[in-house]
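Residues in the sequence shown are numbered from 3 upward in steps of one, following the working numbering. C-beta atoms are modelled at their ideal positions from N, C-alpha and C, and glycine is treated no differently.
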Amino acid sequence: MKQITAFCTDLTTGGGHTEVGVSSLVDTWLLLKVMEESGERNRGLFVLKSRGMAHSNQVREFCLSESGIQLEDVYVGYVRPG
């Protein structure tokens, strides 16, 4: 068996993701998402699907920096002060 890596992108405007014809082809599906709340935008990453492996269902925030992608803590959304 040969190891094959594919990188697929899809721009969706409605906030949904396209599963038709893709889910059966991939073992692991990572979803990158922009989350907007209280006037703040954050980038999130989560595992939508991972066949045959245990994985977290939590959304992790990530930042793009000069040294690359920085994975932050679990995204909890806007927290009101006080």
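- Beta bridge pairing from DSSP links F64 with R45 and L73.
- In the DSSP assignment, M37 falls within the unbroken beta strand (DSSP E) covering T30 to E39.
- In the three-state reduction of the DSSP assignment, S25 falls in the coil class.
- Relative to the Cα of A56, the nearest Cα in the group A8, T30 and F9 belongs to T30.
- Nearest Cα to E74 within the set E42, L47, D12 and V24: L47.
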